[in-house]
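Student: In our numbering, the protein residues as written are 13 to 734. Below is one structure. I have some questions about it.
Written out as structure tokens, the structure is:
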């Protein structure tokens, strides 16, 4: 049996600027040692270039209509054809790269690349020619400007490469390229504290951003005494600067997550604020005035010259950030996409139903609050739910406040056919006195009304219902308020009965929706109840709950215990189309089983903790009987665990393997004795072989445990042990 793990999303673009193609339609995005190519208008990923870089890519430049050059942090330069996915030539400096700038000459056939790198004794600059491809490795020029043995934080070249501007910790140096002589010297003191510089591509002008948020424009750089002018400032540190194609406007980004456009002729400023997270890089196309904003939470905002957002290209590597108390991960079965946590103020969708990955952003909050320190502080989307019709999205927003009352809202959104378009229907300010810790919609029982239950930390719960008002339009309102007087961490709806349950004082308590009464199911008071779930489809009369190292299955109709399993379950997940239940164990192992007789479908042990697990919405009505789970891992990826339920292999393994005393997941496989269905295991010696084979393959599929596939399973196991 093969259990397959894939990372379906999680391309990291952090700390490396992107590049816009000359045609203005493509984005080249660095992702460690690869280059992701996106289409600007739709944000679709159309190609991935896998290059032989040793370290993470530092910069990407397009040098002609078909070729791009990429430089990693260790000085490896690769020119590749992004249309044919071929590597053309490669060179290497074998030094740590500090910064890279492309020449501003108009002829690409005689272009150069200027690189600041760290030598053994000093920080140096070199000039790399991009014209001669045959001797590309030998075209790394001699070092220049080596007198200042200190850290070059940032540098740029002037119009037609006449001079270079270097930012040092204590000064800005302007030097002539031809004669290697100092032209001007600008002090960099604590009052100004320049952290970013950018040269104008047509005029002798320099823009310098400071740590305090101020921006200085320096003119007449080729004179001995340049003059400066101070323009607008950001409320926080300036992250990046860029001039537009005509050189008439300056774009600046700050850590307060806003983009400012300043006219150099009219001193007019326009601002595009509330962009989620603070911006690291700003890239402007010199041909089409397209602006790329690379954010700290690993997504890109694409805007045009009138500051209108064209698209948002998301990367799902930030899902498990510490800024979220709970991570959103929902599967929409009807439209076949995944809804997950994103940057502050946004939820993100991931879809592969059209044959390719697609990431889009949904603006949920639409506003950010300005505190007393004039910083734009984000509001987080902490909880989200879909109703059983998948026509409504319910979100909970929360923001800690310095005042006694924290700000929180409950919003109800109407979904459209396009997963990136939602319309706000109802807003409830302060739905509870305290923070909402649990939000659960009725996705199990289709006979009940379309209701949502919200639970506060104090134990107060409210039931929200969607109904028509006097104007014959839908609106959400509260129909019942109850108080359990205890904290309720878990809520679950029954598919058959008009009840939902919660945990209180080591008991499973249930509230009847129709009679508005609650009652207790106390099967074993000695077991500390941590989690529970109702069965679905063929197992609707079953109730599963867990205690200290035990999984207990109960028949609700007969009010009797069916069986127990020694499993430490952290949480349960229901399947939407089958009776299968996934249980995430305390040792980071996930198991999928049939709750009727505990027939195991498959098991997989993760290397890190997985925050959320859902059954994938991409595999519904699939003819190959594929069971697939999606989860958000600790290393901020969305991962896919899949297995064909009828995929078995016969492998011969010596009997000595079974007589060895084992603990952990392997022992769970060997000690299993229940009678399975055709999707599980047979209770024979051959079934033990299959189970061990499955376990070994699962274990060997973990990264850093790879062994040549030519070995048999047993040989792989022996090599791994030795």
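Heads up, the beta-carbon is just placed ideally off N, CA and C, and yes, glycines get one too.
What are the uninterrupted segments assigned as beta strand (DSSP E) that are 3 or more residues long and contained completely in the stretch 25-72, given in chain order?
Tutor: 38-43, 46-51, 57-62
Student: With 16 as the cutoff for other CB atoms within 10 Å, does residue 311 come out buried or exposed?
Tutor: buried
Student: Kindly say whether residue 411, judged by its beta-carbon, lies nearer than 9 Å to any beta-carbon of chain C.
Tutor: The chain labelled as chain C is not found in the depicted structure, where only one protein chain is given.
Student: Can you look up residue 630 in the DSSP assignment and give me helix, strand or coil?
Tutor: The answer is helix: DSSP assigns residue 630 an H, G or I state.
Student: Write down the C-beta distance between residue 402 and residue 346 rounded to the nearest angstrom, noting that I regard them as a contact closer than 8 Å.
Tutor: 5 Å
Student: For residue 258, count neighbouring Cβ atoms within 10 angstroms of its own Cβ and tell me buried if that reaches 16, exposed if not.
Tutor: exposed
Student: Quick one: is residue 573 buried, meaning 16 or more other Cβ sit within 10 Å of its Cβ, or exposed?
Tutor: exposed
Student: Would you mind reading off the limits of the beta strand (DSSP E) that contains residue 343?
Tutor: 341-344
Student: Whole angstroms are fine: how far does the CA of residue 237 sit from the CA of residue 303?
Tutor: 33 Å
Student: So, under 8 Å CB-CB, residue 44 and residue 30 are touching, yes? Tell me the CB distance rounded to an integer number of Å.
Tutor: The beta carbons of residue 44 and residue 30 sit about 14 Å from each other, so the pair does not count as a contact at 8 Å.
Student: What does a CB cutoff of less than 7 Å around residue 463 pick up in its chain, not counting 5 residues either side in sequence?
Tutor: 454, 475, 476, 477
Student: Leaving out five residues before and five after residue 342 in sequence, what residues of the same chain have Cβ atoms less than 8 Å from its Cβ?
Tutor: 350, 351, 352, 396, 397, 398, 626
Student: Identify every residue that forms a DSSP beta bridge with residue 596.
Tutor: 583, 602
Student: Excluding five sequence neighbours on each side, which residues of the same chain lie with their C-beta closer than 8 Å to the C-beta of residue 597?
Tutor: 579, 580, 581, 582, 603
Student: Please state if the CB of residue 358 and the CB of residue 324 are separated by a distance shorter than 9 Å.
Tutor: yes
Student: Compute the Euclidean distance between the alpha carbons of residue 554 and residue 98, then round it to the nearest angstrom.
Tutor: For the pair residue 554 and residue 98, the Cα-to-Cα distance works out to about 57 Å.
Student: Indicate the three-state DSSP secondary structure (helix, strand or coil) for residue 172 in the structure shown.
Tutor: Helix at residue 172.
Student: Rounded to whole angstroms, how far is the Cβ of residue 393 from the Cβ of residue 465, which I believe are closer than 8 Å?
Tutor: The pair is not a contact, with the Cβ atoms about 19 Å apart (cut-off 8 Å).
Student: Using the Cβ count rule (16 or more neighbours within 10 Å means buried), how would you classify residue 265?
Tutor: Around the CB of residue 265, 16 or more other CB atoms lie within 10 Å, so the residue is classed as buried.
Student: By Cβ distance below 6 Å, which residues in the same chain neighbour residue 297 in space, the five residues on each side in sequence not counted?
Tutor: 32, 36
Student: Give the secondary structure of residue 123 by DSSP, where H, G and I count as helix, E and B as strand, and everything else as coil.
Tutor: Here residue 123 sits in coil by DSSP.
Student: Just to confirm my understanding: we take residue 490, look at its own chain, exclude 5 residues before and 5 after, and list those with CB closer than 6 Å. What are they?
Tutor: 474, 476
Student: Can you give the Cα-Cα distance for residue 252 and residue 210, rounded to whole angstroms?
Tutor: 8 Å
Student: Whole angstroms are fine: how far does the CA of residue 566 sit from the CA of residue 50?
Tutor: 51 Å
Student: Are the CB atoms of residue 59 and residue 78 nearer to each other than 9 Å?
Tutor: no
Student: Would you call residue 435 buried or exposed, if buried means 16 or more other Cβ atoms sit within 10 Å of its Cβ?
Tutor: exposed
Student: Roughly how many angstroms separate the alpha carbons of residue 219 and residue 105, rounded to a whole number?
Tutor: 30 Å
Student: Starting from residue 467 and walking both ways along the beta strand (DSSP E), at which residues does that stretch end?
Tutor: 463-468
Student: Between residue 653 and residue 624, what straight-line distance do the alpha-carbon atoms span, to the nearest angstrom?
Tutor: 13 Å
Student: What would DSSP say about residue 550, mapped onto helix, strand or coil?
Tutor: helix
Student: On the three-state DSSP scale, how would you describe residue 218?
Tutor: strand
Student: Assuming residue 91 contacts residue 101 under a Cβ cut-off of 8 Å, what Cβ separation, rounded to an integer in Å, is found between them?
Tutor: 5 Å
Student: Per DSSP, which residues does residue 74 bridge with? Please list them.
Tutor: Residue 74 is bridged by DSSP to 80.
Student: Mind checking residue 71: buried by the 16 CB within 10 Å criterion, or exposed?
Tutor: Burial call: buried.
Student: From residue 242 to residue 125, what does the alpha carbon distance come to, in whole angstroms?
Tutor: 31 Å
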